[in-house]
Amino acid sequence: MSSTRIRILCVDDHPIVRDGIAYALQQQNDMELVAEATNGHEAIEAFRKHKPDVTLMDLQMPGMSGIEATAEIRKEFPQARIVILTTYSGDIQASRALKLGAVGYLLKGMLRTELVDTIRRVYAGQRHIPPQIASEIANHYSADALSEREIQVLREVSAGSSNKSVADKLFISEDTVKGHMKSILAKLQANDRTHAVMIAVKRGFIDG
């Protein structure tokens with residue numbers, strides 16, 4: 001009987017999330033939680049050891065993120081079926097994970113209603129991206145992306161740096177920093193610097 005079960009690895013740094021998933025899987029006769037991990041490094045080791053059928057991967061974790069772990073696992077095990085778990089429907093993160101080969105994407109708020117169905121679909125070889133995430137990706141697909149320099153500027157701003165500090169650190173003029181900020185606000189449709197940082201974190205341009 002156990003050989004026909006879907007073997008699952010759960011990767012999340014929040015015990016409450018892992019406990020909730022473990023409980024949900026216990027209710028299913030065709031599923032078995034074979035391992036848990038709390039960061040990307042542990043996820044890679046657990047995958048090598050247990051070779052799960054489906055991996056549930058949190059995006060934002062300390063040490064090594066879910067994006068990095070997904071990339072490493074897929075490089076070593078191209079057939080790995082990875083479902084991304086996240087609090088945000090951030091389009092950049094979603095796109096990045098899917099480009100790396102993730103086959104499913106679930107908001108943590110959907111776990112109660114969609115977890116089991118998503119695991120079965122992915123195990124059967126299907127991709128599963130909830131409609132609201134798919135539309136989020138589509139909505140922003142044609143939008144102006146931030147340039148690498150704009151992301152650098154925003155990363156410094158998110159750390160509390162003034163325009164002058166950003167300019168000094170990036171070896172550019174203060175006027176250039178202001179120009180980048182003006183462009184960033186326009187592209188993200190943000191009201192001010194703080195709002196821009198919040199949007200950038202939610203959409204996955206920079207880490208929170």
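For the sequence shown, the tail end lands on 208 under full-length UniProt numbering, and the numbers increase by one without skipping. Where a beta carbon is used, it is the ideal one built from N, C-alpha and C, also for glycine.
message: So for Val17, helix, strand or coil by DSSP?
response: In the sequence shown, residue 17 corresponds to position 17, counting from 1. Val17: helix per DSSP, three-state reduction.
- prompt: If you count every other CB in all the chains shown that lies within 10 Å of the CB of Ala167, and 16 or more means buried, which is it?
  reply: As a working note, residue 167 is residue 167 in the sequence shown. Around the beta-carbon of Ala167, 16 or more other beta-carbon atoms lie within 10 Å, marking it buried.
task: Measure the Cβ-Cβ separation of Leu100 and Ala80 and say whether it is below 8 Å.
output: Here residue 100 corresponds to residue number 100 of the sequence shown, with the count starting at 1. Here residue 80 corresponds to residue number 80 of the sequence shown, with the count starting at 1. Result no, Cβ atoms of Leu100 and Ala80 do not sit closer than 8 Å.
message: Suppose the cutoff is 7 Å on Cβ atoms and the five residues either side in sequence are ignored; what does the same chain contact list for Lys164 look like?
response: Here residue 164 is taken as the residue at index 164 of the sequence shown, counted from 1. Within the same chain, Cβ atoms closer than 7 Å to the Cβ of Lys164 are found at Glu174, the five residues on either side in sequence being excluded.
- request: Could you check what DSSP says for Gly179 in three-state terms: helix, strand or coil?
  value: Taking the sequence shown and counting its residues from 1, one reaches residue 179 at position 179. Gly179: helix per DSSP, three-state reduction.
- prompt: Does DSSP put Gly104 in a helix, a strand or coil?
  reply: The residue labelled residue 104 in the question sits at position 104 within the sequence shown. In the structure shown, Gly104 sits in a strand (DSSP, three-state: E or B).
message: Give me, in chain order, the residues of the same chain whose beta-carbon lies closer than 8 Å to that of Glu42; leave out the 5 immediate sequence neighbours on both sides.
response: Reading the sequence shown from its first residue, position 42 is the one you call residue 42. Take Glu42, set aside five residues on each side of it, and the residues of its chain with a beta-carbon closer than 8 Å to its own are Val11, in chain order.
field: 7 Å Cβ shell around Asp13 - same chain, five flanking residues per side excluded
entry: For the purposes of this step, residue 13 is taken as residue 13 along the sequence shown, with counting starting at 1. Non-local beta-carbon contacts of Asp13 in its own chain, meaning distances under 7 Å to residues more than five positions away in sequence, involve Thr38, Asn39, Asp58, Met61, Pro62 in chain order.
task: Label Ser158 either buried or exposed according to how many other C-beta atoms from any shown protein chain fall within 10 Å of its C-beta, with 16 as the threshold for buried.
output: Position 158 of the sequence shown, counted from the first residue, corresponds to residue 158. Flag for Ser158 reads buried.
- prompt: So does the region 15-27 actually touch the region 93-112, counting three or more Cβ pairs closer than 8 Å?
  reply: With the cut-off at 8 Å, the region 15-27 and the region 93-112 touch.
task: Apply the 10 Å Cβ neighbour rule to Glu156 and answer buried if 16 or more other Cβ atoms are within range, or exposed otherwise.
output: Numbered from its first residue, the sequence shown carries residue 156 at position 156. Answer is buried; the Cβ neighbour count reaches 16.
- request: Quickly, what does DSSP pair Leu9 with across the bridge? List them, please.
  value: Taking the first residue of the sequence shown as position 1, residue 9 is located at position 9. Bridge partners of Leu9: Ala35, Thr55.
- prompt: In chain order, what residues of the same chain lie with their CB nearer than 6 Å to the CB of Gly104, ignoring the 5 residues before and after it?
  reply: Working through the sequence shown from its first residue, we reach residue 104 at position 104. Excluding positions up to five away in sequence, the list reads Val83, Thr118, Val122, His128.
query: Between Glu150 and Lys202, what straight-line distance do the alpha-carbon atoms span, to the nearest angstrom?
result: What you label residue 150 is simply residue 150 of the sequence shown in a count that begins at 1. What you label residue 202 is simply residue 202 of the sequence shown in a count that begins at 1. Approximately 16 Å between the Cα atoms of the pair.
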